[in-house]
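Asker: Numbering-wise, the sequence shown is residues 13 to 422 according to my numbering.
Every residue gets a Cβ at the ideal spot worked out from N, C-alpha and C, and that includes glycine.
Remember, it's a predicted structure, so these values are computed and weren't measured experimentally.
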Amino acid sequence: MLELNEYREDFPILKSGLVYLDSAASSLTPEQVLKKMLEYYREYRANTGRGVYRIADRATSELEEARKSVAKLIDAREDEVAFVRNTSEGLNFVASSLKFKKGQNIVTTAIEHHSNFLPWLKISREKGLELRIVNPTKDFLINTEDFEKQVDDDTRVIAIAHISNVLGSIAPVRDIVDIAHEHGSIVALDGAQSVPHIPLSVKKLGVDFLSFSGHKMCGPTGIGGFYVNPDVLNELEPIFVGGESVDRVSLHGYTLAKFPASFESGTLPIAEAIGLGEAARYLMKIGLEKIARNDERLIGLLYKMLSTIKGVKIYGPSQEKRNNLLSFNIGNLDPNDVALFLDISSNIAVRSGFMCAQPLVKNLLKSKNGVVRASTYLYNTEKEIETLVGKIEKFYKMKMRKTSIGRKGS
Numbered sequence: 013m014l015e016l017n018e019y020r021e022d023f024p025i026l027k028s029g030l031v032y033l034d035s036a037a038s039s040l041t042p043e044q045v046l047k048k049m050l051e052y053y054r055e056y057r058a059n060t061g062r063g064v065y066r067i068a069d070r071a072t073s074e075l076e077e078a079r080k081s082v083a084k085l086i087d088a089r090e091d092e093v094a095f096v097r098n099t100s101e102g103l104n105f106v107a108s109s110l111k112f113k114k115g116q117n118i119v120t121t122a123i124e125h126h127s128n129f130l131p132w133l134k135i136s137r138e139k140g141l142e143l144r145i146v147n148p149t150k151d152f153l154i155n156t157e158d159f160e161k162q163v164d165d166d167t168r169v170i171a172i173a174h175i176s177n178v179l180g181s182i183a184p185v186r187d188i189v190d191i192a193h194e195h196g197s198i199v200a201l202d203g204a205q206s207v208p209h210i211p212l213s214v215k216k217l218g219v220d221f222l223s224f225s226g227h228k229m230c231g232p233t234g235i236g237g238f239y240v241n242p243d244v245l246n247e248l249e250p251i252f253v254g255g256e257s258v259d260r261v262s263l264h265g266y267t268l269a270k271f272p273a274s275f276e277s278g279t280l281p282i283a284e285a286i287g288l289g290e291a292a293r294y295l296m297k298i299g300l301e302k303i304a305r306n307d308e309r310l311i312g313l314l315y316k317m318l319s320t321i322k323g324v325k326i327y328g329p330s331q332e333k334r335n336n337l338l339s340f341n342i343g344n345l346d347p348n349d350v351a352l353f354l355d356i357s358s359n360i361a362v363r364s365g366f367m368c369a370q371p372l373v374k375n376l377l378k379s380k381n382g383v384v385r386a387s388t389y390l391y392n393t394e395k396e397i398e399t400l401v402g403k404i405e406k407f408y409k410m411k412m413r414k415t416s417i418g419r420k421g422s
């Protein structure tokens with residue numbers, strides 16, 4: 013049995029008996045990351061890049077070591093990665109910093125998280141650009157042929173999620189990148205779900221931009237990574253300036269610093285960045301291949317078990333075409349009621365609602381109240397999946413029994 017049980021001890025929050033199946037929203041944080049952040053506050057609490065004294069020098073050194081680790085995780089160079097608050101900020105940086113021309117268009121999909129849809133909707137309205145939407149197949153997969161129909165020589169950027177935060181499906185990124193580059197277009201990748209869960213190389217994928225969040229990959233909140241391919245760097249104009257983002261300033265102008273400093277104006281969340289670096293090292297030590305196999309096995313088990321329960325509707329592709337999460341509904345039950353029952357009755361944490369993907373959930377999945385989503389990570393076990401399914405079955409039977417009694421009474 014491939015389980016990563018030895019790492020559960022790194023997560024003290026699990027000692028309470030919590031069954032945490034909401035890592036697609038925010039993962040748990042291991043003790044190693046907490047200690048690394050606390051070390052900063054206890055031993056060398058100072059600003060980075062702005063002092064010659066020893067603890068300031070150490071803070072700067074630790075920050076840059078963190079950058080190296082984050083870059084290594086995605087197979088990038090350290091000078092290709094900037095620290096941002098989260099995936100949303102990275103994607104907004106691309107949309108707001110790119111230079112557009114009249115007549116250009118943007119291509120994205122109907123299954124995106126709001127953070128990879130709203131920035132493009134906003135900029136398309138502001139710049140008078142056409143926003144083209146690629147719909148998924150009937151199995152809710154992204155088909156490269158559908159992209160080929162939408163992309164042309166006027167396509168400025170293609171924005172896609174590597175892994176859908178609702179469906180768990182993995183996009184054919186390399187094929188889409190090839191289509192984009194044939195037309196001189198660039199690709200912005202939402203890596204919020206993929207960077208924490210599968211091996212990823214920006215070099216092999218060939219993407220131009222990659223954004224991801226620390227809080228989904230065992231790191232702290234308020235910090236993330238933003239990769240920029242050096243070949244397209246001159247196409248960006250930072251939307252914020254100040255602090256460390258400039259080399260020279262006069263009363264009449266300024267010269268921007270080189271990337272990544274040009275996109276890191278002001279004081280960074282230093283402890284959080286250092287924590288993100290430690291999280292990257294933690295994941296690399298375990299191995300993203302192991303983490304991916306663990307997720308696939310657990311979600312496969314969940315898919316198989318839920319499929320046997322009458323009244324359960326599973327959304328998205330078959331189990332072998334998804335990774336770390338699964339969304340479903342139980343009959344006509346409100347997803348929030350299901351999630352609340354699981355929490356109160358069994359200390360099981362799952363997500364409920366629209367998953368910040370209303371066009372997908374409301375329009376394509378036809379679910380007016382949202383969905384229930386269970387998502388796994390390196391600290392989850394088969395026993396937890398079995399417990400979840402058992403409680404779901406119990407809740408559904410209980411609700412159906414009450415409905416039946418109510419009908420007889422009427």
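Note down the Cα distance separating residue 81 from residue 343, rounded to an integer number of angstroms.
Answerer: Each residue's alpha carbon lies about 45 Å from the other.
Asker: Quick check for students: name the residue ranges of the beta strand (DSSP E) that lie wholly in the segment 19-47, counting only runs of 3 or more.
Answerer: Whole beta strand (DSSP E) segments, 3+ residues: zero.
Asker: Let me know the secondary structure DSSP gives residue 363 once reduced to three states.
Answerer: Of the three classes helix, strand and coil, the one that applies to residue 363 here is strand, per DSSP.
Asker: I want to know whether the segment 389-404 touches the segment 184-196 - three or more CB-CB distances under 8 Å.
Answerer: The answer is no - the segment 184-196 does not touch the segment 389-404, with fewer than three Cβ pairs under 8 Å.
Asker: Can you list, in chain order, the residues of its chain with a C-beta nearer than 6 Å to that of residue 237? Leave out the 5 residues immediately preceding and following it.
Answerer: If we look at residue 237 and ignore the five residues flanking it on each side, its Cβ neighbours are 82, 93, 224.
Asker: Using 10 angstroms around the beta-carbon of residue 320, count the other beta-carbons present and answer buried if the total reaches 16, otherwise exposed.
Answerer: It counts as exposed.
Asker: Within this structure, are the beta carbons of residue 167 and residue 146 separated by less than 7 Å?
Answerer: No, they are not a contact pair.
Asker: So, under 8 Å CB-CB, residue 369 and residue 125 are touching, yes? Tell me the CB distance rounded to an integer number of Å.
Answerer: That pair is a contact at about 6 Å.
Asker: Which residues in the same chain as residue 213 place their Cβ atom closer than 6 Å to its Cβ, once the five residues preceding and following it in sequence are excluded?
Answerer: Closer than 6 Å at the Cβ level, and outside the excluded window around residue 213, lie 87.
Asker: Measuring CA to CA, which of 113, 402, 295 is closest to residue 210?
Answerer: The shortest C-alpha separation from residue 210 is found at 295.
Asker: Rounded to a whole number of angstroms, what is the C-alpha to C-alpha distance between residue 268 and residue 155?
Answerer: Whole-angstrom Cα-Cα distance: 40 Å.
Asker: Excluding the 5 residues flanking residue 128 on each side, which residues of the same chain have their C-beta closer than 6 Å to its C-beta?
Answerer: Taken in chain order, the residues that qualify are 103, 171, 173, 202.
Asker: So residue 178 and residue 367 are in contact, right, with Cβ under 8 Å, and what is the actual spacing, rounded?
Answerer: 5 Å between Cβ atoms; contact.
Asker: Put residue 325 into one of helix, strand or coil per three-state DSSP.
Answerer: Of the three classes helix, strand and coil, the one that applies to residue 325 here is strand, per DSSP.
Asker: Going by CA-CA distance only, name the one from 234, 189, 105 that's closest to residue 216.
Answerer: Minimum Cα distance to residue 216 is reached at 189.
Asker: I'd like to confirm the pairing. Which residues does DSSP put opposite residue 170 in its beta bridges?
Answerer: In the DSSP output, where bridge partners are listed per residue, residue 170 has 119, 199.
Asker: Is residue 264 buried or exposed, if buried means 16 or more other CB atoms sit within 10 Å of its CB?
Answerer: Exposed is the call here.
Asker: What did DSSP end up calling residue 377 once you bin it into helix, strand or coil?
Answerer: In the structure shown, residue 377 sits in coil (DSSP, three-state: anything other than H, G, I, E or B).
Asker: Three or more C-beta pairs under 8 Å: does that hold for the segment 225-232 against the segment 285-294?
Answerer: The segment 225-232 vs the segment 285-294: in contact.
Asker: Looking at the structure shown, is residue 418 part of a helix, part of a strand, or coil, going by DSSP?
Answerer: Reliability of the predicted coordinates at residue 418 is poor, the pLDDT of 49 falling under 50, and no value is obtained from them.
Asker: Between residue 340 and residue 384, which are expected to be in contact by the criterion C-beta below 8 Å, what is the C-beta distance as a whole number of angstroms?
Answerer: Indeed, because the Cβ distance is near 6 Å, the residues count as touching under 8 Å.
Asker: Buried or exposed: which applies to residue 417, given that a residue is buried once 16 or more other Cβ atoms fall within 10 Å of its Cβ?
Answerer: Residue placement at residue 417 is flagged as unreliable, the pLDDT there being 49, under the threshold of 50; the coordinate-derived value follows with that caveat. Classification of residue 417: exposed, given that the 10 Å Cβ count is below 16.
Asker: Taking residue 272 and residue 234 to be in contact with their CB atoms under 8 Å, please state how far apart those CB atoms are, rounded to whole angstroms.
Answerer: At roughly 17 Å, the Cβ-Cβ gap does not stay under 8 Å, so residue 272 and residue 234 are not in contact.
Asker: Buried or exposed for residue 48, going by 16 or more other Cβ atoms inside 10 Å?
Answerer: Residue 48 should be labelled buried.
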